[in-house]
Structures are given as C-alpha cells and as structure tokens.
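Peer 1: With the working numbering, you'll find the first sequence wraps up at 1682, consecutive numbering, no jumps.
Submitted below is the structure of interest, expressed as structure tokens.
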Amino acid sequence: MRIRLYNTLTKSVEDFVPVSGTSSVKMYTCGPTVYNYAHIGNIRSFLFADLLQRVLRTVGNYDVQWVMNITDIDDKTIRDSAIGSEIWKKEMGEQTDNPNENIAKFTRFFEKEFINDITNTGIEQSHFYNIPRATEYISEMQDLIRRICENGFGYVSEGSVYFSLSAWLRQSEYGRLFAVDIEHFRAGVRIDADEYDRESVSDFVLWKARKEGEPYWDFQISDENVTGRPGWHIECSAMGHKILGLPFDIHTGGVDLRFPHHEDEIAQSKAGYGLETANFWCHHEFLEVEGKKMSKSLGNFFTLHDLMEKGYDPMDIRFLMLSVHYASVMNFTFSGIESAQKARKRIQDFIYYLFDTTQFGTENASIKHEVFEALADNLHTPKALEHIFSFINQTDTKQLSQESKESLIEEFRQFNNIFNVWEIAPKAEEIIPQEVIDLAEQRIDAKKNKNFAESDRLRNEIVQKGYLIKDTKDGYTLELSER
RNA sequence: GGUUCCGUCGCCUAGUGGCUGGGCAGAGCUCUGCAAAAGCUCCUACGGCGGUUCGAAUCCGCCCGGAACCUCCA
C-alpha cells in the first residue's frame, strides 16, 4: 500500500516514493545524547521513529535500513563525565586523568541503559541497520569540515572552525524546514559565547577548540592542527553520508530539531558534499505531563526507569503513546496509562478469543484494509485503533467461521508487527499452585453447603495469595491477579 | 518581544461545513448467596463573544487559557 507522510520540507502530506526506485528505504533518526536515562519524551521520539519504520515495512512492504546515531560527545556528556561529576556511577568504572577515556566509559553506560529502555518499549534491535557512535566517525566529520572550508563556507578562528552562514546565504537557501527570519534572528540572538570570535552571530560551530580537561582529537586543517572536538550538527551529516549515502529517504526527529540542528545539517551536507540530505523530513511533537511542560523544576519529569519502578508496564506506555497521533502534542498522565492498560487488554482478550477452537460459526469478517489505510495515511494510529475497537464491538467471535478466525489471527499478527503490544498466541495456561486450587475446591464445597461465611473467608485467603477467583455457570476460574 | 500550534462529553484522544468517532471512567439490566468476571444497553461534547452560511466543533475576527520554537533540548 502506498504510504503518505507529512514532509516538513514541503509542509504537506505527500506520497512516499523511495529514492532508490526499488523497495529499499533508507531512514535516519536523530538518536539520543547518552548523558542520562531516557525520559518519556525521548521515548516518544523513538517510538515515533519505530512506528514509521514498522509501517514502512508492514504496510508499505519496504525493506528499511534504519540508522539511529548515538551522540556520545557534546557539552553535557563532557560536563557529566568530568572529574568530580556527581552523576558518575561506580558501574562505569574508575575515572582516570584521560578525559577521552572517561567520556567513553560514561557514555557506554548510558548507551547500554538506553538500548535496554527502548527494548523494553518494544523497539527491536534487529530492526536497526546501524547504531553508530559519533566518536567513531571523527575522521569522516573532519573530512566534511575540510570540504566545507575548501568550498568557501567555513573558516578557522581561534582554534575553532565555523560555518559561514553569510557566505552560504549568498548562494543557497536556508530555513526550508523552519521559517527563520534571518535579519531578526541575527539581531535577537543573545551573545553568550564571547570566547568565540565569529564573523556573524548566526554562524555555527563545526569544530570546537580544545579546552583544558576536555576530550579532544587532533585535526589537521589548512596547515594547522586545531585540536578539539566536533560541533553538534556535524555528526549527523557525516554519519548519514557515510552509512546511508546522500540523499537518503527519511530523516526523523523532534520538532525542536527543525531549527537549528536540521537546518544546519542540510546546509553542511550541501556545502561540503554538494548533496541534499533527505527527501522526507518527519518531525514528531512533544509531550506534556498533566498538561504542563515536562521539567525537573515542576517535578513532572519522568524517565522510563522511574515509571517501571512504579510498576507501570512499558507495553502500556507504548500503547498509550501510539494512541495519540505523533504530530499532536500529547498529554501524558498517569490515569492515561491506566486506561491504556485496560484498552490494550481488551484487544488482547479479543485475540485470545480468536484462538478458541471450541466453537465456530459461519460468519466471515476482516478489518485489515481499514486499519492499514489509516496507518498509511500519515501514521494515523488513533484512527487505526478506532477501527479495531469498533470491529471488536460489533464482532461476536462465537459466530466466526474457522477460516475467518484464522485469517483474523493473521491480520492481528500484522497489526502487531506495528503496534507490538499484544501476544498473538492462545492464552497461556497459568500454573496455579496446588494449595490455591485446594482452597478453591474447599470454597466451592462451602458454597454448595450454603456456608457463605466460610466461602467468603476462603475467597479472601485466595486473594491474599495473589489470585483472582471468578465464578462461572458450572464452576470457577482462577487467575493471577494483576499487580 | 518575534514566529507557530492547540483548547472536543468527568478524563484521554479522532474529526473531512450537514449523517450520535473511539478508549477509559460512570449508570442500568442479565447472571449471582454476595462480589468479581462476562454479556447487553445507556452516557449527543466541542473555551468565550461576534461574524460568514440554509446549515459551523470545522471557515473568519476579537478575547481568554495552555504549549512550542526563537538559546542546549526529544
């Protein structure tokens, strides 16, 4: 099915057509800066990218080469890996007097935690073509910076290298993703980096001069060695070019990255390689917590870690996030997780009913077309879920034919290739301890003898042991109670 | 200050000018010693004030409230 996506470059929903002209799609996601545990805003970001690549695979039938970088060198990782950092954990190892070693130990730790977090939210590592670390592409970045300078769009100043926006604007566009009022922008920018000598305030840094105690790399450019480290924007340009080749199909990120990060990335790649970056730029909206911006000062800042420690299931968080359109501001609430849990379970129960082979009817049903149509329409997951719920409401699984149940199982398996929050299998038999079964049997006997005080006492005891007893027409069922 | 987005049933979320969107919560009924579960049914909302229109949640204006970006940010 043809996929339609909102493209920030053209400000409109467009039919997606791969650059390659084949079924191969190349997609780049701006990954995390690994200086702390991922917060739920980060999680939304990567769930969006995951949704997109899964829809491309399942609905669009494409082979997706998905690349997501790890930013393991920047101001924050430098700050928090430095000697004396309060964030340093003993699991990271011993700090040494070599800042390059410290930052590597520090970022490897949070990188591992990050992979762990996204795995918990249903993102599969096998779906990645590559998860490159910025520090492993330093020479590619340096090569790009040299090219930018040779082409006349970069200059060295006091040991740093800058991109000359004024030179670039004389021959090319800037601000296609985000309406930047260049004149106003120049005038309004706060000059808080006095140590840098800039040609104009809107120039951005490609390579930052070494500072005492910070990690650095040698860099030979125009007969001088400017030791230092890469600027933030350059890494995506270099890695995208090296790993996927330019232009690739889709570049994803949060709305905040449109400017300056993505604008600068586009300018750098064009200025250095002479190539466009990507055909489609897809940006997701932010989330708020209980109607307010998530921030540490408001006390509404949550990492996935926090939520899991509170006992929330990351699958419910995934479902919750997929029940909001990616381009809308999402209001993250705790009651929202609770309702997501119940809603997810309702669909799960329906799937279990499909596996019930004790009863068949004659009716046939299908919902795949409507669901795929919604997903193909700019990843409209809320609409897709609406179709699924309406379908469940009007479908009596007891009336379905055997063939229809089997084909519906296959349909839900495909939905789950995207949502990835359900179990496509018969409901597992729960192993109930014999002592609980004995209690339940005793309770049934007490009930038969109308000894309700005793039966209530036994039911209470069963609940105490963490099991739920439900009476049915001809007996009872036992199951593990939730949380 | 500049640029932009959003206010939809108790809560969360879709929404294409006309036709009771979906989820959660809640209510009623069936079942039941009671409860739980299950099944059936009910719950007609669009921030405020104007305007355009035969007709507005949807278009326009103003106001109120929330958010984002402009500076590191997902």
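C-beta atoms are modelled at their ideal positions from N, C-alpha and C, and glycine is treated no differently.
Everything numeric in this text was worked out from a predicted model, so none of it was measured.
With DSSP as the reference, label HIS1238 as helix, strand or coil.
Peer 2: HIS1238: strand per DSSP, three-state reduction.
Peer 1: Are GLY1276 and ILE1314 touching if we call contact CB-CB under 9 Å?
Peer 2: Per the sequence shown, residue 1276 should be read as Thr rather than Gly. Contact: no.
Peer 1: Does the distance from the CB of GLN1264 to the CB of LEU1443 come in under 9 Å?
Peer 2: Yes, the pair counts as a contact, with Cβ atoms nearer than the cut-off.
Peer 1: Excluding sequence positions up to five away, which residues of its chain have a Cβ less than 6 Å from the Cβ of GLY1259?
Peer 2: Excluding positions up to five away in sequence, the list reads ILE1202.
Peer 1: First and last residue of the alpha helix (DSSP H) that includes VAL1570?
Peer 2: Segment 1567 to 1575, the alpha helix (DSSP H) holding VAL1570.
Peer 1: Quick check on the burial criterion: 16 or more other C-beta atoms within 10 angstroms. Buried or exposed for ASN1530?
Peer 2: ASN1530 is exposed by the Cβ-count criterion.
Peer 1: So is ASP1448 buried or exposed if we call it buried at 16+ other beta carbons inside 10 Å?
Peer 2: Under this definition ASP1448 is a buried residue.
Peer 1: Identify, in the order they occur along the chain, each residue of the same chain with its Cβ nearer than 6 Å to the Cβ of VAL1488, setting aside the five sequence neighbours on each side.
Peer 2: For VAL1488, where only same-chain residues beyond five positions count, the Cβ hits under 6 Å are ASN1499 and PHE1531.
Peer 1: Quick check on the DSSP output: the alpha helix (DSSP H) that includes MET1340 runs from which residue to which?
Peer 2: Counting along the chain, the alpha helix (DSSP H) containing MET1340 begins and ends at 1337 to 1349.
Peer 1: Select from LYS1647, LEU1445 and HIS1460 the residue whose C-alpha is nearest the C-alpha of GLY1452.
Peer 2: That would be HIS1460, whose Cα lies nearest to the Cα of GLY1452.
Peer 1: Threshold first: 3 residues or longer. Then list the beta strand (DSSP E) segments lying entirely within the segment 1451 to 1486, N to C.
Peer 2: Qualifying beta strand (DSSP E) stretches, in chain order: 1477 to 1483.
Peer 1: Could you check the C-alpha separation between GLY1321 and GLU1629 for me, to the nearest Å?
Peer 2: Going by the C-alpha atoms only, they are around 24 Å apart.
Peer 1: Could you name the residues of the same chain whose beta carbon sits closer than 8 Å to that of PHE1701, not counting the 5 residues immediately before and after it, in chain order?
Peer 2: Because the chain spans 1200 through 1682 in this model, residue 1701 falls outside it and cannot be assessed.
Peer 1: Taking C-beta to C-beta, are ARG1253 and ASN1478 nearer than 9 Å?
Peer 2: Taking 9 Å as the Cβ cut-off, ARG1253 and ASN1478 do not qualify as a contacting pair.
Peer 1: Among residues of its own chain, excluding the 5 on either side of SER1680, which ones have a beta-carbon nearer than 8 Å to its beta-carbon?
Peer 2: Only VAL1662, GLY1665, TYR1666 and LEU1667 meet the Cβ criterion.
Peer 1: Please classify VAL1216 as buried or exposed, where buried requires at least 16 neighbouring CB atoms within 10 angstroms.
Peer 2: By the neighbour-count rule (16 or more Cβ atoms within 10 Å), VAL1216 is not buried but exposed.
Peer 1: Are there 16 or more other CB atoms within 10 angstroms of the CB of GLY1697, so buried, or fewer, so exposed?
Peer 2: In this structure the chain extends from 1200 to 1682, so residue 1697 is not present and cannot be described.
Peer 1: Within a Cβ cutoff of 6 Å, which residues of the same chain sit near GLY1387, ignoring the five residues on either side of it in sequence?
Peer 2: Low confidence applies here, because GLY1387 scores a pLDDT of 33, under 50, leaving its location unreliable; read the following figure in that light. Excluding residues within five positions, none has a Cβ falling inside 6 Å.
Peer 1: Using the Cα positions of LYS1311 and CYS1229, report the straight-line distance between them to the nearest angstrom.
Peer 2: Their backbone Cα atoms lie some 17 Å apart in a straight line.
Peer 1: Which residue comes first and which comes last in the beta strand (DSSP E) that contains ALA1408?
Peer 2: Element bounds for ALA1408: 1403 to 1408.
Peer 1: Does the segment 1425 to 1436 come close enough to the segment 1463 to 1477 that 3 or more CB-CB pairs lie under 8 Å?
Peer 2: The segment 1463 to 1477 vs the segment 1425 to 1436: in contact.
Peer 1: DSSP has GLN1370 in a bridge; who is on the other side?
Peer 2: According to DSSP, GLN1370 bridges with nothing at all.
Peer 1: Can the beta-carbon of GLY1427 be found less than 9 Å from the beta-carbon of TYR1415?
Peer 2: Yes.
Peer 1: Whose C-alpha, out of LEU1486, LEU1255, ASP1655 and THR1306, is nearest the C-alpha of GLU1335?
Peer 2: When only C-alpha atoms are compared, the closest one is THR1306.
Peer 1: Would you call THR1209 buried or exposed, if buried means 16 or more other Cβ atoms sit within 10 Å of its Cβ?
Peer 2: With fewer than 16 other Cβ atoms within 10 Å, it is exposed.
Peer 1: Ignore the nearest five residues each way along the sequence and tell me which others in ALA1539's own chain have a CB closer than 8 Å to its CB.
Peer 2: Cβ neighbours of ALA1539 beyond the five flanking positions: ASP1515, ILE1516, PHE1518, LEU1519 and SER1522.
Peer 1: How far does the alpha helix (DSSP H) with PRO1414 in it extend, from its first residue to its last?
Peer 2: Taken as a continuous stretch (DSSP letters only), PRO1414 belongs to no alpha helix (DSSP H), as it is neither H nor E.
Peer 1: Note the first and the last residue of the continuous alpha helix (DSSP H) segment covering THR1306.
Peer 2: Counting along the chain, the alpha helix (DSSP H) containing THR1306 begins and ends at 1298 to 1319.
Peer 1: Please return the same chain residues whose Cβ sits closer than 7 Å to the Cβ of THR1318, not counting the five positions on each side in sequence.
Peer 2: If we look at THR1318 and ignore the five residues flanking it on each side, its Cβ neighbours are GLN1324.
Peer 1: Which partner residues does ASP1214 have in the DSSP bridge list?
Peer 2: ASP1214 pairs with ARG1203.
Peer 1: For ILE1591, report the span of its beta strand (DSSP E) as first-last.
Peer 2: No beta strand (DSSP E) holds ILE1591; the alpha helix (DSSP H) holding it covers 1580 to 1593.
Peer 1: Below 7 Å CB to CB, which residues in the same chain sit around ILE1566 once its five sequence neighbours on both sides are set aside?
Peer 2: Cβ neighbours of ILE1566 beyond the five flanking positions: HIS1586, ILE1587, PHE1590 and GLU1610.
Peer 1: Let's test the definition: count the other Cβ atoms within 10 Å of the Cβ of GLY1240 and tell me whether it reaches 16, buried, or not, exposed.
Peer 2: With 16 or more other Cβ atoms within 10 Å, it is buried.
Peer 1: When the Cα atoms are used, what is the spatial distance from TYR1236 to ASP1296?
Peer 2: Taking the straight line joining both Cα atoms gives about 25 Å.
Peer 1: Apart from the five residues on each side of it in sequence, which residues of its chain come closer than 6 Å, Cβ to Cβ, to SER1222?
Peer 2: Result list for SER1222: TYR1261 and ASP1262, in chain order.
Peer 1: Using a Cβ-Cβ cut-off of 8 Å (strictly less than) and excluding sequence neighbours within five positions of VAL1379, which residues of its own chain qualify?
Peer 2: Cβ neighbours of VAL1379 beyond the five flanking positions: TYR1373, PHE1458 and GLU1462.
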